[in-house]
Amino acid sequence: MSLAQGRQILAIPGPSVMPDRVLNAMHRAAPNIYAGALVDMMPGLRADLKAVARTAQNVAIYIANGHGAWEAANVNMFSRGDKALSLVTGRFGEGWAQQARDLGVEVEAIDFGRKGPVDANRVEAALRADPGGRIRVVLLTQVDTATSVLNDVAAVRAAIDAAGHPALLAVDCIASMGCDRFEFDAWGVDVAVSASQKGLMVPPGLGFVWVSDKAMEVCRTSNLRTPYWDWTVRARASEFWMNFGGTAPTHHIYGLRESLTMIHEEGLDHVWARHDTLARAVWAAFEAWGEGAPNIALNIADPAARARAVTAARIAEPDATRLRQWCETEAGVTLGIGLGMAPPDDPRWHGFLRVGHMGHVNAHMILGTLGVMEAGLQALKIPHGTGGVAAAARVVAGG
Ligand SMILES: Cc1ncc(COP(=O)(O)O)c(C=O)c1O
-5 MSLAQGRQIL AIPGPSVMPD RVLNAMHRAA PNIYAGALVD MMPGLRADLK
45 AVARTAQNVA IYIANGHGAW EAANVNMFSR GDKALSLVTG RFGEGWAQQA
95 RDLGVEVEAI DFGRKGPVDA NRVEAALRAD PGGRIRVVLL TQVDTATSVL
145 NDVAAVRAAI DAAGHPALLA VDCIASMGCD RFEFDAWGVD VAVSASQKGL
195 MVPPGLGFVW VSDKAMEVCR TSNLRTPYWD WTVRARASEF WMNFGGTAPT
245 HHIYGLRESL TMIHEEGLDH VWARHDTLAR AVWAAFEAWG EGAPNIALNI
295 ADPAARARAV TAARIAEPDA TRLRQWCETE AGVTLGIGLG MAPPDDPRWH
345 GFLRVGHMGH VNAHMILGTL GVMEAGLQAL KIPHGTGGVA AAARVVAGG
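Letter 365 of the sequence shown, counting from 1, is numbered 359 in this note's numbering, and no numbers are missing.
Here it is, written out as structure tokens:
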């Protein structure tokens, strides 16, 4: 008998659960785009978008998903034939670099594997090996959603500085914005990209690029730039329509306004702390399930290098897929598929899954998801250690 009736929970790493407040804010008749509430809310919206990235510098908004935000950053940062240094810790790092290559950028990639973070010493060495300063931008993914690794952005900045290299630092925060601590100004980031559908709790459709004053200046002459993606126009919009290069994404703006209000009401530091506790609850459950059960393991062994937005784990094939299917059909919880660890037609595809814990998540959602997973492990007779939910509850209880 399926027990899936009732409210479904989407526990994938984006798009994430949308708060009722966001949905209700979007549920309205078509607004005037020439005057009134929509137009008036833009200055405050832009200020709050900067606050969520902890910057007083610039932000450009696009009607786009994360791939669009990547492209917006790439075409503004590079001229054809420029060189980038890409730090790869998963599929999304690869994807951003490949897009740059496809645009005519020469990309040197350092691949750090799929189970751990960037080693800043290797970044420093690579930059020292470029005495002519050909590398224009270092591309880093703060949280690679495929592997659930968390990279140390400040350490990469320090490596660039230690090498005395002029490269800009560009960071993909698509999975991490509003989940893991991110300090654009304090960490010396030049470009950050994100999108609406994860920690920012809005449907897919808005992309954001935060830009330092320095990057604005250095990239003034980039010749890959096209009019629609030009961040100078977007970031310095003097009229409402310039914020979007045309018709505004009216209802997304209302949704974003509400989600940013929710984040600022809670307090960004509290939002990060909530994600930290809930992530640790998920890790505690997996660690208990993996006790004496070598078929189950977190992908990232070092807690310091684990994302607070998503957890990737191995459950030996085909059990990750069996468990995902059981949770969805029997209990109404949708877990994330394994991504980029092996091609979809490779059997190892069925040995990996991800739990999203980003954005609008609270203790009961996480404990509920973990409880369902534990029930699924039992129902499917997948070997596992006991006490996963109890271990997670101890984290939630502050133990
Ligand atoms: C870290 C990261 N970068 C880029 C992307 C691509 O974003 P989108 O699917 O919105 O194009 C994703 C999507 O999951 C992501 O997690």
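Idealized CB from N, CA, C, for every residue including glycine.
Bear in mind the structure is a predicted one, so any value in this text is a computation, not a measurement.
Helix, strand or coil at residue i [DSSP, three-state]
| i | result |
| --- | --- |
| V355 | coil |
| D166 | strand |
| W181 | coil |
| V11 | coil |
| K77 | strand |
| L32 | helix |
| I3 | strand |
| G345 | helix |
| G370 | helix |
| A(-2) | coil |
| A19 | helix |
| L361 | helix |
| A186 | strand |
| G38 | helix |
Counted within 10 angstroms of its Cβ, other Cβ atoms place residue i as buried (16 or more) or exposed
| i | result |
| --- | --- |
| S417 | Examination of residue 417 is not possible in this model, given that the chain is present from -5 through 393 alone. |
| T215 | exposed |
| N18 | exposed |
| D155 | exposed |
| N68 | buried |
| S232 | exposed |
| Q2 | exposed |
| W235 | exposed |
| Q136 | buried |
| T315 | buried |
| H269 | buried |
| H159 | buried |
| Y28 | exposed |
Within 9 angstroms, strictly: CB atoms of residue i and residue j
| i | j | result |
| --- | --- | --- |
| A47 | L144 | no |
| V205 | A54 | yes |
| P297 | I57 | no |
| D179 | L133 | no |
| H246 | S190 | yes |
| L121 | A153 | yes |
| G193 | G353 | yes |
| G362 | F346 | no |
| L272 | V355 | yes |
| G201 | G0 | no |
| W283 | A66 | no |
| G379 | I294 | no |
| I168 | T139 | yes |
| W225 | N52 | yes |
Run of the alpha helix (DSSP H) containing residue i, from where it starts to where it stops
| i | result |
| --- | --- |
| K407 | Nothing can be reported for residue 407, as the shown portion of the chain is limited to -5 through 393. |
| W225 | W225 to A229 |
| G382 | G382 to V390 |
| V147 | V147 to A156 |
Opening and closing residue of the beta strand (DSSP E) in which residue i lies
| i | result |
| --- | --- |
| I27 | Careful: I27 lies outside any beta strand (DSSP E) and carries neither H nor E. |
| V212 | Note, V212: premise wrong, no beta strand (DSSP E); alpha helix (DSSP H) at D207 to V212. |
| V99 | Careful: V99 lies outside any beta strand (DSSP E) and carries neither H nor E. |
| T328 | V327 to I331 |
> Mind pulling the beta strand (DSSP E) runs of 3 or more residues that sit fully within the segment 102 to 139?
Replying inline: Complete beta strand (DSSP E) runs here, min 3: 129 to 135.
> Which runs of the alpha helix (DSSP H), 4 residues or longer, sit entirely within the segment 231 to 318?
Replying inline: For the segment 231 to 318, whole alpha helix (DSSP H) runs of length 4 or above, ordered along the chain, are 244 to 260 and 262 to 283.
> What are the start and end residues of each continuous beta strand (DSSP E) run of 3 or more residues lying completely inside the segment 40 to 90, in chain order?
Replying inline: Runs found: 52 to 57 and 77 to 82.
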